[in-house]
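Note sheet for the following structure.
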Amino acid sequence: MKIAVINGYDTWSHSLPNGYWVKILSGIHDIALMEQVHVACIDMYDMEKMSGDFRAFDGCIGAIPGGSDIFAAVWRQVRAERPCIAIMSCTADDEPYVGPDEVSTVRKIVDHLADEGHRSCFFATLSTEQFSDTRRDAFIRFASGKKIGVTVHEYAHLYRVHGAYAPDRAAEDLLAHCRKHRPHTIVFESDFFASRFERAAAAAGVRVPDDIGIIGMNDSPEYPIPVPLTTTRHDGVTIGREAARLLLARIRGERTVKRVLVDSALVIRRSSLRRTLYGGHVSDFRHFVEMYVRTNYAYPEMLRELPKTLGMTPSQFSRTFKNAFRVGFVAYVNRHRIGQAEYLLRDTAESVTTIAMNTGFNNHTNFMTFFRREHGCTPSEFRLKHAGRRKQK
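Number 760 in the numbering used here belongs to position 238 of the sequence shown; there are no gaps in the numbering.
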């Protein structure tokens, strides 16, 4: 069996530095390897040359930009002849799709804004993609429920006039609106747009987050800014795996669900902090750290990122943390990770190695050491003990 993964947004040489794409392909290849399926990667130029002739493939997974009439037409032709799964964005409401749960992700952003005391914000977009509309509508709805004032600024039309300069023109216009209306924060539909705004703001002497908070989406490290950016992190590996599973089921003629939505994480960093930085209370610090650890415990780099997020040196953070929690930060995080591992050992069939990686331990040996120190037994022994108790019940 042979399937195609179609990237209608760009060439693969430009896309692969993007960690999101790397994870999606990794997930697809995980399933392809198990099912002995050959995967061919096709980019926007290959797609144009092939003119919709995908008869060599049993099915296709495609990321097709909704704003491109040419690629959308080719994709419709492919869909008419072969089983297809859309990822990243949809070109039609009725097509099978696997991607992030945008509504749930936006709810996390709004909850964070409310926790940090943001009472007014802009929501800014540059894209005509369907997911932009979904994010915008969900944001307006949830922000209203939290009594956060929202003004929407949409700039996709600037591409027709300014081409590649549209993001910079949009950032300048947005900055002018900020001077006039003084929002607490701006939520951008992408890290790319957030990075362009931050650059314009810095040039104008506007400081993030002191003068205004910003939040991006998609966790794109290829668009760095000096202040660590709060953003969303999509689970590309799971999206890739679910897309491959769904496609193979459709190729075999099985009845399948129409859509699979995958949960995303909110990665909270310094750019959106307000109450945590300026509230001045130990309770604010505790609340933020507890929430941050619950959200990010699976990422090994969080041990280095959190002090930066709070604008502290490692020694300052360590002193403040011990004063608030009466325990060291590493011990606190590892205790939380072990707690998550206990749940996975009791209630899932995942391997011990997989559980170690999924709970933030950078190697199997460290996990075994901490687990034995906490429980006096190995993870495998813990699993056997609790399996026996379940049988007795």
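From the three backbone atoms N, C-alpha and C, an ideal C-beta is built for every residue, glycine too.
In this text the structure is predicted, and so the values were computed from the model without any measurement.
Nonlocal neighbours in the same chain, by C-beta distance under 6 Å from Arg-905, ignoring five residues either side
Within the sequence shown, the letter at position 383 stands for residue 905. Hits under 6 Å: Leu-867.
Count the other C-beta atoms from every protein chain shown that fall within 10 angstroms of the C-beta of Val-674, then say buried if there are 16 or more, exposed otherwise.
Taking the sequence shown and counting its residues from 1, the one referred to as residue 674 is at position 152. With fewer than 16 Cβ atoms within 10 Å of its Cβ, Val-674 is classed as exposed.
Going by DSSP, what residues sit across from Phe-715 in a beta bridge?
In the sequence shown, residue 715 corresponds to position 193, counting from 1. Paired residue(s): none; Phe-715 is not in a bridge.
Write down every uninterrupted run of the beta strand (DSSP E) in the stretch 644 to 679 whose length is 3 residues or greater and which is fully enclosed by it, in chain order.
671 to 676
Tell me which residues share the same chain as His-886 and place their Cβ nearer than 8 Å to its Cβ, disregarding the 5 neighbours each side in the sequence.
Your numbering for residue 886 matches position 364 in the sequence shown. So the qualifying residues of the chain are Val-874, Thr-875, Ala-878.
Using 8 Å as the Cβ pair cut-off and three pairs as the minimum, do the stretch 676 to 685 and the stretch 613 to 624 touch?
no
For Ile-737, write down the residues that DSSP places opposite it in a beta bridge.
The sequence position of residue 737 within the sequence shown is 215, counting from 1. DSSP lists Val-709, Thr-752 as partners of Ile-737.
Tell me the DSSP secondary structure of Val-620 in three-state form.
Here residue 620 refers to the residue found at position 98 of the sequence shown. DSSP places Val-620 in strand when its eight states are reduced to three.
Enumerate in chain order the residues of its own chain whose CB-to-CB distance from Phe-644 is below 6 Å, with the five nearest sequence positions on each side excluded.
Walking along the sequence shown from the start, residue 644 turns up at place 122. Same-chain partners within the cutoff: Thr-673, His-675, Pro-705, Ile-708.
If you compare alpha carbons, which of Leu-795, Ala-693, Glu-872 is closest to Lys-830?
Residue 830 sits at position 308 when you count from the first residue of the sequence shown. Of the listed residues, the one whose Cα sits closest to Lys-830 is Leu-795.
Rounding to the nearest angstrom, what Cα-Cα distance links Lys-915 and Ala-765 in this structure?
Taking the sequence shown and counting its residues from 1, the one referred to as residue 915 is at position 393. Taking the sequence shown and counting its residues from 1, the one referred to as residue 765 is at position 243. A caution first: Lys-915 carries a pLDDT of 43, below 50, which makes its placement in the model unreliable, though a value can still be read off. Counting only the Cα atoms, Ala-765 lies some 38 Å from Lys-915.
Roughly how many angstroms separate the alpha carbons of Ser-805 and Ile-860, rounded to a whole number?
For this step, residue 805 is matched to residue 283 along the sequence shown. For this step, residue 860 is matched to residue 338 along the sequence shown. Approximately 25 Å, taken between the alpha carbons.
With 16 as the cutoff for other CB atoms within 10 Å, does Ala-602 come out buried or exposed?
Along the sequence shown, one-based indexing puts residue 602 at 80. By the neighbour-count rule (16 or more Cβ atoms within 10 Å), Ala-602 is not buried but exposed.
Quick check on the burial criterion: 16 or more other C-beta atoms within 10 angstroms. Buried or exposed for Leu-735?
The residue you call residue 735 lines up with position 213 of the sequence shown. The residue you asked about is not Leu; residue 735 is Gly in the sequence shown. Its Cβ being crowded by 16 or more others within 10 Å, Gly-735 is buried.
I think Thr-754 touches Asp-733, with their Cβ atoms under 8 Å apart; what is that distance to the nearest whole Å?
Counting from one through the sequence shown, the residue named residue 754 turns up at place 232. Counting from one through the sequence shown, the residue named residue 733 turns up at place 211. A Cβ-Cβ separation of about 23 Å leaves Thr-754 out of contact with Asp-733 under the 8 Å criterion.
Alpha-carbon to alpha-carbon, Gly-758 and Asn-884:
To locate residue 884, count along the sequence shown from 1; it is residue 362. To locate residue 758, count along the sequence shown from 1; it is residue 236. In a straight line, the C-alpha of Asn-884 is about 20 Å away from that of Gly-758.
Between which two residues does the alpha helix (DSSP H) harbouring Val-596 extend?
Here residue 596 corresponds to residue number 74 of the sequence shown, with the count starting at 1. Taken as a continuous stretch (DSSP letters only), the alpha helix (DSSP H) holding Val-596 covers 591 to 603.
Using the three-state DSSP reduction, which class does Leu-795 fall into: helix, strand or coil?
On the sequence shown, residue 795 is found 273 positions in, with the first residue counted as 1. The answer is coil: DSSP assigns Leu-795 none of H, G, I, E or B.
Would DSSP call Val-874 helix, strand or coil?
In the sequence shown, the residue the question calls residue 874 occupies position 352. The answer is helix: DSSP assigns Val-874 an H, G or I state.
Sort out for me which residues DSSP pairs Asp-552 with in a bridge.
Sequence index remark: in the sequence shown, residue 552 carries index 30 (1-based). For Asp-552, which the question treats as bridged, DSSP gives no partner whatsoever.
Among Gly-833, Arg-663, Tyr-677, Gly-541, which residue has its Cα nearest to the Cα of Ile-631?
Indexing the sequence shown from 1 puts residue 631 at position 109. Nearest C-alpha to Ile-631: Arg-663.
When you compare only the Cα positions, how much space is there between Arg-916 and Leu-770?
Residue coverage of the chain in this structure runs from 523 to 915, which leaves residue 916 outside it and unanswerable.
Arg-808 versus Leu-799 - alpha carbon distance:
Residue 808 sits at position 286 when you count from the first residue of the sequence shown. Residue 799 sits at position 277 when you count from the first residue of the sequence shown. Each residue's alpha carbon lies about 12 Å from the other.
Burial state of Arg-912 (16 or more Cβ within 10 Å)
As a working note, residue 912 is residue 390 in the sequence shown. Bear in mind that the predicted position of Arg-912 carries a pLDDT of just 49, short of 50, making it too unreliable to give a figure here.
Measure the alpha-carbon distance for Asp-919 versus Cys-563 and round it to whole angstroms.
Shown here, the chain extends from 523 to 915; a query on residue 919 therefore has no answer.
On the DSSP letters alone, give me the boundaries of the beta strand (DSSP E) that Glu-615 sits inside.
Residue numbering aside, residue 615 sits at position 93 when the sequence shown is read from its first letter. The question names Glu, but residue 615 in the sequence shown is Asp. First-last for Asp-615: undefined, no H or E at that position.
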